[in-house]
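In the UniProt record's numbering, the protein residues as written are 1 to 531.
Glycine included, every Cβ here is placed at the ideal spot set by N, Cα and C.
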Amino acid sequence: MEIVRSHRQIAAEAAAGVGCGGGAGGLPTYRVAPQLEVRLEEFELFAIDRLRVLKGIADGLSRGKRPEEMEKLVKELWKAHMRHQDPTETLNKDIISHFVLRLVYCRTEELRKWFLSMETTLFRYRFRLESPESQRMLMSEFQLPYKALPHSEFEAVKDKLSQVARTIGQSAAVESVFFKVPFEEVPDLVASRRVFLSKGYAYVAMSQVVSLVVTQFRCNISKALVLTNRKWTATIKEQEKDRLTPIVEALSNAYFGPDYSQLRENHHLKHGGRMQFGLFLKGAGLKLEDALAFWRAEFSQKVGSERFDKEYAYSIRHNYGKEGKRTDYTPYSCQKIISATPGVGDHHGCPYRHFGEDNLRAALNKMGISGHPLEEIMDKVKNRHYQLACTMTFEAEHGVSCDTGINHPNQYFSESQKVLKAKCRAKEQPKLSSDAVVVQASNPGGRGARVEEGSSPGGDGRGRRSHGGGNAQREKPRWQRARREQPRRARREKRQRRRRARREKRQLQRRAGREAEAGARRAGGERQPVR
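Dropping the structure here:
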């Protein structure tokens, strides 16, 4: 990486809490942006790696993981995405990626809120992994105005502290180091009743000091986001419109592409995902009752059936035209999906438009597409021909041409169904043996018929009976084979439609006859009743 100062100098200053906002023990506090020169490729790649960590934290929180599980998850995510063989490079990547994402997520209130929450959570669990000595150094780094409780005051409230420790499931032995702080500084500890309160002060143990540090960290980052937004709007956006602005805007919309497996894993989708996927299922033939049952089965595992009926069932019925203005909504077309801009935490969109190159390649490889077809698809994506790339994927996956092109997700589904059904019918058709077959058939002349090797019983290769026999084996007519292959339910529905049509026709004839007879009577004429 091209930098103004050496890595060792930056790492040393970071460890000492100087210059770039580094903290003790390798945990930066991100107070001041580093004086570094970063290549544009690394500028984006570092931010994407950190974004993967933050997204993993968001997924863990949405699944309701316990603090112990979250601590393990953060450790694994950090090791997978942010580690480097050189410790100084790891520290640089940590600091650079934070400030890049701070620039990306400072621009709207919603983006600031999400980034602040995820960064605070990440800092909380990274702080817990630090040693007690590093934690004390970080406290001094934030310049917290709190001192350890004097021994005399500690002895006076020792019994109360012991009671609090027992109620939260800790050992009866009370820690010897406590801090007396205003209760509003540790709202999370007060809300969970994990501290002793007296005269407006909370007695915080050393093992709970993370709440103090995190509160200060959150306050600092919140203020920094507002200041960064002002700088971005005033100068940076215009000055870097040809270089950094496109990258920043793309990163703010990065969410790693459509992934409806999140519905199975998290049992939840945001509104955009529910609309796109729900209307697709509707276009594929899913009825309202089945749609309600499907979404209830998934969402009730997280929010409960009662909350699902109150908050989510209405929108599903609304999509089917049963609520509100009774509009029967249609599934989203490719053009509408491509033009959409999913945000952080969303899992819908077009994979060719919104996936990163690595993720798209992995998804296509999982579909069995590789080699030259894969490179052609990626070339179309790079040139922003997303629907052509989708059409080429269809052709590579099914081995057939699609002259009309893919313009709608439901078109991809229906065309795939046709191809798969045709392949199933081809497999179900009986195959003739390659060995010689001799069919003895009686005929008026008493002679048999012989079928040679590789030929059909009819001698013309089309499954007709042989000329020689009345008892020779033959295939059933095509209309009988087609009828047997149709599902029973489809045949039953077809018969019902025919009966209904005949019934309606008879009713119309009778009604016309009665009206004609009544008209004739009014005219004073005679008319035979129409039967």
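For the beta strand (DSSP E) containing residue i, name the first residue and the last one.
i      : result
Ala-33 : Neither: Ala-33 is in no beta strand (DSSP E) and is coded neither H nor E.
Have a look at the DSSP bridge pairing and note the partners of residue i.
i       : result
Ser-198 : Tyr-201
Ala-148 : Phe-179
Determine the direct distance from the alpha carbon of residue j to that of residue i, and round the result to whole angstroms.
i           : j       : result
Val-164     : Ala-156 : 15 angstroms
Ser-433     : Glu-493 : Residue placement at Ser-433 is poorly supported in this model, since its pLDDT is 43, which falls under 50; the coordinates still yield a value, given next. C-alpha separation (whole angstroms): 38 angstroms.
Asp-188     : Leu-144 : 18 angstroms
Tyr-329     : Gly-321 : 7 angstroms
Arg-514     : Glu-504 : 15 angstroms
Leu-116     : Lys-223 : 10 angstroms
Ala-354     : Ala-33  : Checking the displayed sequence, the identity of residue 354 turns out to be His instead of Ala. Roughly 30 angstroms separates the two Cα atoms.
Thr-245     : Val-100 : 12 angstroms
Gly-324     : His-318 : 6 angstroms
Glu-41      : His-98  : 16 angstroms
Leu-292     : Ile-316 : 7 angstroms
Gln-35      : Val-186 : 34 angstroms
Gly-368     : Gly-399 : 12 angstroms
Tyr-386     : Glu-357 : 13 angstroms
Arg-296     : Ile-247 : 39 angstroms
Gln-276     : Ser-333 : 10 angstroms
Arg-102     : Arg-166 : 41 angstroms
Leu-288     : Ser-414 : 20 angstroms
Phe-142     : Asn-359 : 39 angstroms
Gln-135     : Arg-66  : 22 angstroms
Leu-388     : Gln-335 : 12 angstroms
Ala-14      : Gly-405 : Any answer about Ala-14 is weak, because its pLDDT of 42 lies below 50 and its placement is not dependable; what the coordinates show is given next. Computed Cα separation, rounded: 55 angstroms.
Lys-75      : Glu-89  : 18 angstroms
residue 548 : Arg-194 : The displayed coordinates of the chain run from 1 to 531. Any statement about residue 548 would go beyond what the structure contains.
Ala-516     : Arg-491 : 38 angstroms
Lys-241     : Leu-251 : 15 angstroms
Within 10 angstroms of its Cβ, does residue i collect 16 or more other Cβ (buried), or is it exposed?
i           : result
Thr-393     : buried
Arg-112     : buried
Asn-365     : exposed
Leu-122     : buried
Lys-147     : exposed
Leu-129     : exposed
residue 580 : Missing from the structure shown is residue 580; the chain here goes from 1 to 531 and no further.
Phe-256     : Since pLDDT at Phe-256 reaches only 45, below the 50 mark, its modelled position is unreliable, and the value read off the structure follows with that caveat. Looking at its Cβ environment, which holds 16 or more other Cβ atoms inside 10 Å, Phe-256 is buried.
Gly-56      : buried
Asp-403     : exposed
Ser-401     : exposed
Tyr-352     : buried
residue 566 : Here the chain comprises residues numbered 1 to 531, so residue 566 is not present and cannot be evaluated.
Gly-272     : buried
Cys-424     : exposed
Ala-512     : exposed
Ala-396     : buried
Ile-95      : buried
Ser-466     : Confidence at Ser-466 is low in this model, with a pLDDT of 40, below 50, so the placement of that residue is unreliable and no value is reported for it.
Arg-498     : exposed
Asn-383     : exposed
Thr-327     : exposed
Ends of the alpha helix (DSSP H) at residue i?
i       : result
Val-209 : Note, Val-209: premise wrong, no alpha helix (DSSP H); not H, not E.
Leu-292 : 288-303
Trp-114 : 109-128
Asp-327 : Per the sequence shown, the amino acid found at residue 327 is Thr instead of Asp. Note, Thr-327: premise wrong, no alpha helix (DSSP H); not H, not E.
Val-190 : 187-191
His-354 : 351-354
Trp-78  : 67-81
Val-381 : 371-382
Gln-335 : 334-339
Arg-361 : 357-366
Gly-273 : 271-283
Lys-322 : Careful: Lys-322 lies outside any alpha helix (DSSP H) and carries neither H nor E.
Cys-402 : Neither: Cys-402 is in no alpha helix (DSSP H) and is coded neither H nor E.
Leu-27  : Taken as a continuous stretch (DSSP letters only), Leu-27 belongs to no alpha helix (DSSP H), as it is neither H nor E.
Phe-99  : 87-104
Thr-167 : 158-167
Pro-342 : Segment: none, Pro-342 is in no alpha helix (DSSP H) and carries neither H nor E.
Given 8 angstroms, three or more beta-carbon pairs between the segment 234-241 and the segment 138-157
no
Any chance the segment 308-315 sits against the segment 365-374, with 3 or more Cβ pairs inside 8 angstroms?
no
Three-pair Cβ contact test at 8 angstroms for the segment 105-115 versus the segment 215-234
yes
Would you call the segment 203-216 and the segment 80-88 in contact, with 3 or more CB pairs under 8 angstroms?
no
Kindly confirm or deny that the segment 64-82 and the segment 124-139 touch, where touching means at least three C-beta pairs closer than 8 angstroms.
yes
Would you check if there are 3 or more beta carbon pairs closer than 8 angstroms linking the segment 336-345 to the segment 412-426?
no
Report yes or no: do three or more beta-carbon pairs, one from the segment 278-291 and one from the segment 397-412, lie closer than 8 angstroms?
yes
For the segment 200-209 against the segment 176-185, are there 3 or more C-beta pairs whose distance is under 8 angstroms?
yes
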